[in-house]
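Protein chains in written order, with my numbering: chain A, 1 to 338; chain B, 1001 to 1338. Here's the structure we're looking at; comments come further down.
Protein chains: 2
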Amino acid sequence: MQRAPDANMTWAEWFHGRRALITGGLGFIGSNLARRLVALGAQVRIVDAALPGSGANPHNLDGLEHQVEAWRADLRNGEVVTAMLIGQDVLFNLAAQVGHLASMEDPVTDLAINASCQLAIVEACRRVAPEIRVVHTATRQFYGRTSGEPTDETHPIAPVDYNGVSKRAGELYHLVAHQVYGLRATSLRLTNTYGPRMRCRDGRQTFLGEWVRCLLKDEPLLVYGDGMQVRDLNHVDDVVTALLATAASSDTIGQAYNLGGREPIRLVDLAGLMIGLAGRGRIAHVPFPGARRRIEIGDYLGDYTRIATTIGWQPTIDLRAGLRGTLDFFETQREHYL
Amino acid sequence: MQRAPDANMTWAEWFHGRRALITGGLGFIGSNLARRLVALGAQVRIVDAALPGSGANPHNLDGLEHQVEAWRADLRNGEVVTAMLIGQDVLFNLAAQVGHLASMEDPVTDLAINASCQLAIVEACRRVAPEIRVVHTATRQFYGRTSGEPTDETHPIAPVDYNGVSKRAGELYHLVAHQVYGLRATSLRLTNTYGPRMRCRDGRQTFLGEWVRCLLKDEPLLVYGDGMQVRDLNHVDDVVTALLATAASSDTIGQAYNLGGREPIRLVDLAGLMIGLAGRGRIAHVPFPGARRRIEIGDYLGDYTRIATTIGWQPTIDLRAGLRGTLDFFETQREHYL
């Protein structure tokens, strides 16, 4: 039975010996989280379907083969959902279809993974793991076009693509299950996350991964249009800290929180920064593909005051250092990620 | 090819000869809409799966057997969705799982009908009927607990049950498809609707139907708790007018609108009014069943200024007259509805 950490226990200590389940654990954020949990002494189970086009990469857990219980299984199978939860203390719910363009091309799969599976998970929690602590991951994308003003959690939800619809439904299932059944769930709304183990083969997970690939393969970094949109970014290590600190705090239960970055940057400047750090590369401006233009959100800057106030989380890794480390990682691991 | 009515054409005239499709057309609102459309000279096709527990009642279309093309078919079948749309000018999208308690008991079906089917519909419109005019019906329920202040369309969406999650997703699919593909869709957020042809066998569709049944069967009208919650009500004829006027106005495309009533009333007073009009009956206060209490929204009063300003709709049927006519209808038709 899990308890909130008492006054003499840090959240890091709270995870020692705890059983933690990560959906999407072979993916970018999930695998970084698994590594940190193992280091904290948690018993980690990951579940991942390793779907083509997803962030799953078997090398993401290299070296942890004997320390993580890995299930290759699809959450669209209800029996998997029930079985995976039994005996777990904490669920980090990271499995998702995150591609915006992909959601427009295959909206049925997008809805199945981001809403139907999430419903199955909260219902299964109610039945077989009613005390489990759940940290769900959502996205700032469903705020839609925010005009770039700092966006807090009270901003209207106005998704511009099908992915925003399904991700919002998945978040709401968690929040309703909290209200009605007392599910101990929190939702974190992530912004652009980057760092080691992100998908670099293409831009399906993040444009940053694609840019890393272009740098390493001496191809130009494609910038759609003028690239003047402002975005905020989080290093994956800061996101992992947010996931852990949220799980260990009962003050966050039943709420949704933005994450966010401290150093907003225009996309074209970000490309320039990466080129500078890599010591090579160039930018190619290309017209916005129509399908992307129609779902483009423009400037975005997340206001993360709520989580900072509640549990003291804030991003700590500066963009320059974070990108430098990311490039170094992929330089040495290129055969596994390109 | 449909056009907005010109300055010399009323919206009623606009429907003459037009091909109108109604999903859920055997149900309460759908059948009343079908009747009005036939009277306006439209060519009406209805599609209804007549699922057990739904509002479908074959007697709802009594007398129209030769004037309405009726398909008994399930929207969860993608081929039905595509086929039904071909050649249609207007879609009134009324098929839904509307039960709040039912959504908690069978959330998978609720999601399938209210979100997955709606996604299939907007995607099929894009492919086979890109010019079709769509009026989707949503619910004020997804505003959640509003504290009874007049609630307009900018109120945060905070559903208290799974039905609110799925209905919101269904609405958002329409609005996103408008933004991305130009789907000519409008969403109306209905409040409590009452009138002839509502489901009276039980409270699955509306508590008002159940109260009518109790009156006609000389059973007490059950009021949960003190019944002091304020609600607004719309007579189905006013709702049908809103659906038609919305479809005929291109000014409403891409928007969502509240309907709402002019005479907010406490539930216990509503029960008393119905007893007075019927000249018989009694109230029995009973404790709130736990499952209902957990999803109860409290006071609600919809602000319908936006639709009033845009197309001039407002409710016209006063509650007393509307209830009187409703009771008369079910008195004479009791063998078909009880």
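The beta carbon of each residue, even a glycine, is placed where N, CA and C say it ideally should be.
As assigned by DSSP and simplified to three states, the class of residue i
| i | result |
| --- | --- |
| Gln43 of chain A | strand |
| Arg1340 of chain B | It is not possible to answer for residue 1340 of chain B, since the shown part of chain B is limited to 1001 through 1338. |
| Pro1150 of chain B | strand |
| Ser1031 of chain B | helix |
| Ile307 of chain A | helix |
| Gly1025 of chain B | coil |
| Asp110 of chain A | helix |
| Val98 of chain A | coil |
| Arg271 of chain A | It should be noted that the sequence gives Ala, not Arg, for residue 271 of chain A. Residue state, collapsed to three classes: helix. |
| His59 of chain A | helix |
| Leu1119 of chain B | helix |
| Asp1318 of chain B | coil |
| Ala49 of chain A | coil |
| Leu1277 of chain B | helix |
| Leu1064 of chain B | coil |
| Ala124 of chain A | helix |
| Arg18 of chain A | coil |
| Leu91 of chain A | strand |
| Trp11 of chain A | helix |
| Glu1331 of chain B | helix |
| Ala291 of chain A | helix |
| Ala129 of chain A | coil |
| Ala1284 of chain B | strand |
| Glu1069 of chain B | strand |
| Gly1312 of chain B | coil |
| Leu1085 of chain B | helix |
| Leu1301 of chain B | strand |
| Arg1324 of chain B | helix |
| Arg1036 of chain B | helix |
Contact belief for residue i with residue j at Cβ below 8 Å, rounded distance in angstroms
| i | j | result |
| --- | --- | --- |
| Leu1188 of chain B | Tyr1257 of chain B | 6 Å |
| Val1122 of chain B | Leu1183 of chain B | 6 Å |
| Gly276 of chain A | Cys214 of chain A | Not a contact, Cβ separation roughly 15 Å. |
| Gly78 of chain A | Ala120 of chain A | 6 Å |
| Val138 of chain A | Val90 of chain A | According to the sequence shown, residue 138 of chain A is Ala rather than Val. Going by Cβ atoms, the distance from Ala138 of chain A to Val90 of chain A rounds to 18 Å, so no, they are not a contact pair. |
| His1016 of chain B | Gly1041 of chain B | 4 Å |
| Leu1259 of chain B | Gly1298 of chain B | 19 Å between Cβ atoms; not a contact. |
Length of the line joining the Cα atoms of residue i and residue j
| i | j | result |
| --- | --- | --- |
| Val329 of chain A | Val176 of chain A | Per the sequence shown, the amino acid found at residue 329 of chain A is Phe instead of Val. Straight-line Cα distance between these residues: approximately 40 Å. |
| Ile22 of chain A | Val47 of chain A | 6 Å |
| Arg1294 of chain B | Cys1200 of chain B | 24 Å |
| Pro1315 of chain B | Ile1029 of chain B | 15 Å |
| Arg3 of chain A | Gly1148 of chain B | Legend: pLDDT at Arg3 of chain A = 42, less than 50; position of this residue unreliable, value from coordinates given subsequently. The alpha-carbon atoms of Arg3 of chain A and Gly1148 of chain B are separated by roughly 37 Å. |
| Ile265 of chain A | Pro1264 of chain B | 50 Å |
| Asp1237 of chain B | Asp1226 of chain B | 30 Å |
| His1336 of chain B | Val1212 of chain B | 13 Å |
| Thr1193 of chain B | Leu1233 of chain B | 6 Å |
| Asn1032 of chain B | Gly1261 of chain B | 18 Å |
| Ile1086 of chain B | Arg1036 of chain B | 22 Å |
| Val1108 of chain B | Asp318 of chain A | 44 Å |
| Asp1074 of chain B | Arg1204 of chain B | 20 Å |
| Leu267 of chain A | Ile132 of chain A | 39 Å |
| Ala1102 of chain B | Thr332 of chain A | 55 Å |
| Glu1065 of chain B | Leu1216 of chain B | 28 Å |
| Met1104 of chain B | Leu1208 of chain B | 21 Å |
| Glu210 of chain A | Arg72 of chain A | 26 Å |
| His174 of chain A | Arg76 of chain A | 17 Å |
| Trp313 of chain A | Ala278 of chain A | 30 Å |
| Tyr1304 of chain B | Ile1311 of chain B | 11 Å |
| Gln118 of chain A | Leu190 of chain A | 17 Å |
| Gln1229 of chain B | Thr1206 of chain B | 15 Å |
| Ala49 of chain A | Gly1027 of chain B | 41 Å |
Closer than 6 Å: residue i CB and nearest the ligand FAD heavy atom
| i | result |
| --- | --- |
| Pro264 of chain A | In the structure shown, the ligand FAD is absent, as is every other ligand, since no ligand is present at all. |
| field | Touching by the beta-carbon criterion (3+ pairs, under 8 Å), the stretch 1055-1064 of chain B and the stretch 318-325 of chain A | value | no
| said: For the pair the stretch 1245-1256 of chain B and the stretch 1110-1128 of chain B, tell me if three or more CB-CB distances fall below 8 Å. | reply: no
| request: Starting from the N-terminal side, write out each stretch of the alpha helix (DSSP H) that is 4 residues or longer and does not extend beyond the stretch 1135-1187 of chain B. | output: 1162-1181
| task | Would you be able to state if there are at least three C-beta pairs under 8 Å between the stretch 1221-1233 of chain B and the stretch 1266-1274 of chain B? | result | yes
| query | Enumerated in chain order, which unbroken segments of the alpha helix (DSSP H) with a length of 4 residues or greater are wholly contained in the stretch 1191-1263 of chain B? | reply | Every alpha helix (DSSP H) of 4 residues or more that sits fully in the stretch 1191-1263 of chain B is shown, in chain order, as 1207-1216, 1236-1247.
| query | Counting Cβ pairs, one atom from each stretch, are 3 or more of them under 8 Å apart for the stretch 1112-1125 of chain B and the stretch 1081-1101 of chain B? | reply | yes
| Three CB pairs or more closer than 8 Å across the stretch 1160-1173 of chain B and the stretch 1134-1147 of chain B | Flag = yes, the stretch 1160-1173 of chain B and the stretch 1134-1147 of chain B touch.
| said: Is it the case that the stretch 1279-1291 of chain B contacts the stretch 1149-1156 of chain B, given that we only count it when at least three CB pairs across the two stretches are under 8 Å? | reply: Verdict: no, contact absent.
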